[in-house]
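Following: one structure in structure tokens, then a few remarks.
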Amino acid sequence: MAAGIFNRGNRTNVRPIDLGRHLVREIDDKRSVDSKSRRVAPNDFVFRLHPRDLDQLEEFQAALEIELNEAAKEYARAEGYHLKGPITVSLVADDKVKSGRVEIDSKVRRAESPITASALVVSGGQSYPLGESSVVIGRSPDCTIVLDDANVSRRHAEVNVVNGVYAISDLGSTNGTKVNGVTISAERGLRDGDIINLGSHSIRFEAAAR
Numbered sequence: 008m009a010a011g012i013f014n015r016g017n018r019t020n021v022r023p024i025d026l027g028r029h030l031v032r033e034i035d036d037k038r039s040v041d042s043k044s045r046r047v048a049p050n051d052f053v054f055r056l057h058p059r060d061l062d063q064l065e066e067f068q069a070a071l072e073i074e075l076n077e078a079a080k081e082y083a084r085a086e087g088y089h090l091k092g093p094i095t096v097s098l099v100a101d102d103k104v105k106s107g108r109v110e111i112d113s114k115v116r117r118a119e120s121p122i123t124a125s126a127l128v129v130s131g132g133q134s135y136p137l138g139e140s141s142v143v144i145g146r147s148p149d150c151t152i153v154l155d156d157a158n159v160s161r162r163h164a165e166v167n168v169v170n171g172v173y174a175i176s177d178l179g180s181t182n183g184t185k186v187n188g189v190t191i192s193a194e195r196g197l198r199d200g201d202i203i204n205l206g207s208h209s210i211r212f213e214a215a216a217r
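Numbering (our numbering), first residue to last: 8 to 217.
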């Protein structure tokens with residue numbers, strides 16, 4: 008199991024190390040065998056926490072999601088599990104979960120074909136189709152998506168195809184990039200309906216119907 012934030016001391020009801028243990032247990036419990044006799048592990052994980060518990064983790068939520076992602080990769084590799092697509096991990100609030108408890112929803116999520124037409128819809132309704140080429144978002148006129156906003160950097164963020172799925176990364180912007188209200192500090196895979204925030208603009212990722 009990865010070190011780092013898992014070993015960080017805190018006064019929260021849910022400790023990062025507990026999330027790591029839940030993750031490993033979920034991978035083992037939900038593993039399956041495919042038609043090629045490979046042991047397949049789930050690769051899409053959603054941790055559901057009581058809103059108060061998630062608030063206590065907010066300061067390092069982005070870093071925690073990254074470390075959980077890496078921990079899942081390491082564990083799958085060590086156990087010889089096959090993954091059908093890239094690993095995605097997210098922490099969400101759910102007031103139906105008791106404080107101090109952790110619920111996990113996991114599934115096998117196949118890598119989507121980047122050829123399938125998805126789009127970025129900017130606040131105001133303008134839609135930009137996505138293909139295999141990278142899409143740079145920023146204030147500079149040479150960006151793919153130009154946002155006229157002083158709080159947006161000239162080259163603010165970029166959307167690329169990574170392992171068959173669309174992912175966004177911040178390009179060292181001044182004010183940062185958020186996905187669903189959480190500041191990203193590394194490349195982050197996109198799911199249908201994700202909201203990207205840059206400056207005062209909101210951009211919705213729409214995955215193509217499959």
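Each residue gets a CB set at the ideal place from its N, CA and C atoms; glycine is no exception.
In the structure shown, the three-state DSSP call for D60 is helix. Straight-line spacing of the CA atoms in E77 and N50 works out to 12 Å. Around the beta carbon of I202, fewer than 16 other beta carbons lie within 10 angstroms, which makes this residue exposed. Per DSSP, the unbroken alpha helix (DSSP H) holding E33 starts and ends at 23–36. As DSSP reads the structure, H89 sits in a beta bridge with V47. When C-beta atoms of the region 108–116 are compared with those of the region 154–169, fewer than three pairs fall below 8 Å, so the two segments do not count as touching. Selection E81, F54, F212, G179 evaluated against Y135 yields F212 as nearest (Cα-Cα). Between the alpha carbons of G132 and D101 lies a gap of roughly 29 Å. The C-alpha of H57 lies about 17 Å from the C-alpha of N187.
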